[in-house]
Amino acid sequence: MADFKIENGTSNQTKQETKSYRKFGKEQYKAFMDIKLNKSTDIKSFLFSCLITLLIVLPFLLILIVVFRTFVYNPYIKMLIFVIGWGLLLICNGLSNYFMVRLSKFYFTDNPKLNEIDEKAIMFYQTFNFGFMLFTLVIIIFFALGVV
Amino acid sequence: MINYLMSLWESFVKKTIIKKILLIFLLIIYIFIIVICTVHISVDKTTPGYVNDVSYLIDVESENPRGKVYTVSVFSSQKVSILEYFLSSMDNKSSIIKGKRQTIYTKKEENKIDTLFKEQSIQDSIILAYETAKSNHYDVSLSYEYIGYCLLYIPQNYLNTDLDDFRIGDIIIAIDGVDVDENIDVANIITSLSIPEKKKFKVLRDNVEMEITPSDKMIDYLTTQKLNKSLGYKSYKIDYDNAKPKLDREKSNTVGPSGGLMQTISVYNAIIPEDITHGKRIMGTGTISLDGSVGKIGGIEQKVATVDLYDGDIFFLPESNYEEAKKMYDKIKKPSFDLVVVNDFTEAIQYLERLGENNG
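Line order of the protein sequences matches chains U and F.
Numbering-wise, my numbering puts 13 at position 13 of the first sequence, and it's gapless, one number per residue.
Take any residue in the second sequence, count from 1 to its spot, add 1000: that is its number in my numbering.
Structure, rendered in structure tokens:
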């Protein structure tokens, strides 16, 4: 497994390292998807990872809903809530992928290729997945325009 | 899954005492947040809402400028979470009173009454606007005929009455075989009924005619509640297609009669050649009657806050709401709008016409 370290440096250097870490995460994700796992366990990992993610973000989601209901009349607060909601969706994407890998590792402890996968890098990559960011942004804007 | 959870528990047991305390503390916070966000309490909460352009509700087919005339709506709820209660209490634009509102009407009945109130306000707005324009010698015409008296405050569920008793929305068209006309005070007749006196009422219910003999329970309720002035309203059928100018109306996404004054101003402005709004954003509230009088409404403080959020220029309100409205108005830093008290529709029109004269 590549031993990835991010060290403090100039902002350009940090940007490059961030890009590299994201690229590393993408590679790790591809490597994970290439591993052929038992289909039923795969589905179990996916469902359970979604459940764990939902349980983790539930308090934040509930607070967001309550603040929205309280200040629904204020267009600026409404916009802010939509932006935070979008951020929360991206975090959910990252977290669910993280737990999916963790759970797969738990179910298949003797798979060496699986054990080498860095789930934190996958989480980073999926949190800042441009395709998912764009897709959810379009949905949020569509929903916001309907509500605002 | 269970094995995974067991492994998590095992790793928790192996952690240091400080980490255990921290995790338990986080769990307590987690449960606390879930509880304060999901456990609801009964309140009467009103918050600022939004403004509605009247032209989307009542569309007049004319080349005349419509102007920007808006009704003002507020949000209200009867059940909120503990956190929402706490946040709303700190918000000086909202009003929140703990405790369940006492009412004998079910939620469905209240919605039906508010919907009918809205219908009444639209009907009265259109008739008043056209009649006022006609009396001011504008070339307009509107045909409408009196159908009957529409009942509102009938607590069907509370009285547990049958289908052949009065219901919310019943339009009384005849009493003991005699058709009612506009001049008959139907509310007075109903609230003066006596139990031995079995009057027969012909009503229109969902466009179907039927005979009703109100039950003793109903008569007892109606004659003791002093509902004469608010039992219902006179219902008219308006000939939209032959109106001059023609008009059409859409389904309303709000309920209640508080938009009456603004609806009347909007329709009046659209049917006359001049734009009496003079490019201003006119907002306001107040019920309207066919005699032009403007009545008191609820949630006035939140409506004033709403107008501030939506950059109104003028806010019309009834005199009976002025004191309350001033309290919220004084809290606003540099309000963009003027509070204008009106007692009837003519006063509002005269104010707007004078505005045009002052602006040259």
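Backbone N, C-alpha and C define an ideal beta-carbon position, used for all residues, glycine too.
Please read all numbers here as calculations on a predicted model, not as lab measurements.
For F:D1164, the CB contacts under 7 Å within the same chain, skipping 5 residues up- and downstream, are I1212 in chain order. The C-beta of F:P1335 comes no closer than 7 Å to any C-beta of chain U. By the C-beta criterion, the segment 1054-1063 of chain F is judged not to be in contact with the segment 1087-1100 of chain F, since fewer than 3 inter-stretch pairs fall below 8 Å.
Every beta strand (DSSP E) of 3 residues or more that sits fully in the segment 1316-1342 of chain F is shown, in chain order, as 1338-1342. F:A1174 carries a strand assignment under DSSP once its states are collapsed to helix, strand and coil. Three or more Cβ pairs closer than 8 Å define a contact, and the segment 1138-1154 of chain F meets that threshold against the segment 1238-1257 of chain F. Pairing F:D1179 with F:R1205 gives a Cβ-Cβ distance that is not under 7 Å. In this structure F:S1192 is in contact with F:T1223, their Cβ atoms being roughly 7 Å apart against a cut-off of 8 Å. Rounded to the nearest whole angstrom, the CA to CA distance from F:E1131 to U:Y76 is 42 Å. Between F:D1044 and F:V1255, the gap from beta carbon to beta carbon reaches 7 Å or more.
Look at U:R22 here: in three-state DSSP terms it is helix.
Excluding the 5 residues flanking it on each side, U:V101 has same chain C-beta neighbours closer than 7 Å at F32, I117, E119 and I122, in chain order. At a C-beta separation below 8 Å, F:Y1050 has these neighbours in chain U: Y73. Around the CB of F:R1354, fewer than 16 other CB atoms lie within 10 Å, so the residue is classed as exposed.
DSSP places F:D1344 within a strand segment (E or B) once states are collapsed to three.
The count of Cβ pairs closer than 8 Å, one atom from the segment 1279-1287 of chain F and one from the segment 1307-1315 of chain F, reaches three, so the stretches are in contact.
Residue contact check for U:P59 against chain F: a CB pair falls below 7 Å. Per DSSP, U:N115 lies in no beta strand (DSSP E); the unbroken alpha helix (DSSP H) holding it starts and ends at P112 to N115. The count of Cβ pairs closer than 8 Å, one atom from the segment 26-40 of chain U and one from the segment 96-115 of chain U, reaches three, so the stretches are in contact. The three-state secondary structure of F:I1189, taken from DSSP, is helix. Contact annotation: U:S104 and U:S45 have beta-carbon atoms nearer than 7 Å. By the Cβ-count criterion, F:P1048 is buried, with 16 or more other Cβ atoms from all chains shown falling within 10 Å of its own Cβ. The DSSP-derived three-state label of F:N1052 is strand. Per the DSSP secondary-structure output, F:L1151 pairs in a beta bridge with F:G1232.
Within a 10 Å sphere around the beta-carbon of F:D1248 sit fewer than 16 other beta-carbons, which makes this residue exposed. Residue pairing from DSSP leaves U:G87 without any beta-bridge partner. With 16 or more other CB atoms across the displayed protein chains lying within 10 angstroms of its CB, F:L1152 is buried. Of F:F1086, F:D1059, F:S1062 and F:T1071, the smallest CA-CA separation from U:T70 is found for F:F1086. A distance of 7 Å or more separates the beta carbons of F:L1159 and F:K1199.
Residue pairing by DSSP puts F:I1097 in a beta bridge opposite F:D1044. The distance from the Cβ of F:N1157 to that of F:T1106 is about 5 Å, consistent with a contact at the 8 Å cut-off. The DSSP assignment places complete beta strand (DSSP E) segments of no fewer than 3 residues inside the segment 1253-1299 of chain F at 1281-1284, in order along the chain. By the criterion of a C-beta distance shorter than 8 Å, F:Y1221 is surrounded in its chain by P1155 and L1159, once the five residues flanking it on both sides are discounted.
Between the alpha carbons of U:Y21 and U:I43 lies a gap of roughly 28 Å. For the pair U:Y29 and U:F130, the Cα-to-Cα distance works out to about 15 Å. Around the beta-carbon of F:N1136, fewer than 16 other beta-carbon atoms lie within 10 Å, marking it exposed.
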